[in-house]
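Below is one structure, written out as structure tokens, with a few remarks after it.
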């Protein structure tokens, strides 16, 4: 399960800053497109380093090898 | 971090949704909603020498569907009366009037209100859409500069 966070700041004059966190590549673009459709038109957009990270899922298995002194001998 | 977007709001909706945002903005700015538009007009006619300023809500459109003619939201605060309505071109219009107030004062009142209306409208719309996409609100706060910050989260497979 991946955690996607969105921080939305609606300023006093109605301008909206949207910060999408945790979503990479295509998923990030989908959030951006959807929120643009909901709110209005894009004035500015900045991609951050995470956007360019591959979307592939990485599975990290943590193994701890327990060896007795006899095994290592 | 992934992406940061700055968006300019577009207010397009049917009259009921705009009326709800206008009422919320009125409440936030200390305006009282007048009972009926006719009542407000009657009172206005009695007051001579009343100055009036009109401001259109930028990037707005009130959809004609379900809009009965003569639909307005009339608000009062002190000597200022604001009327929110749909103009002939379909844009949302805010008309500020008041006795003994300068054009600059009325323009400021109307502009402050249109900004608040836009903020309330966008807030309602965004919250509705976020809930529809199963986002959970992590935090929501009003900042010192009157901006509203919403932090939402969603878990995906």
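Residue numbers (our numbering), protein chains in the order written: chain A, 1236 to 1308; chain B, 12 to 168.
Yeah, the Cβ is synthetic: ideal placement off N, Cα and C, and Gly gets one too.
Computed from a predicted structure; not experimentally measured.
- Among the residues of chain B, none has a CB under 8 Å from the CB of residue 1265/A; the nearest is roughly 11 Å distant.
- Annotation for residue 38/B: the continuous alpha helix (DSSP H) segment containing it runs 26-40.
- Under the Cβ criterion (8 Å, minimum of three pairs), the segment 125-138 of chain B does not count as touching the segment 1258-1265 of chain A.
- Beta-bridge analysis with DSSP links residue 1282/A to 14/B.
- A direct Cα-to-Cα measurement between residue 82/B and residue 32/B gives close to 15 Å.
- Assigned with DSSP and collapsed to three states, residue 98/B falls in coil, not helix or strand.
- DSSP, reduced to helix, strand and coil, places residue 83/B within a strand of the structure shown.
- Under the DSSP assignment, residue 135/B falls in the alpha helix (DSSP H) whose first and last residues are 114-143.
- Interface residue (Cβ-Cβ distance to chain B less than 8 Å): residue 1261/A is not classified as such.
- A contact is defined here as three or more CB-CB pairs under 8 Å, and the segment 12-24 of chain B meets this definition with respect to the segment 1236-1254 of chain A.
- A Cβ-Cβ separation of about 6 Å places residue 129/B in contact with residue 22/B under the 8 Å criterion.
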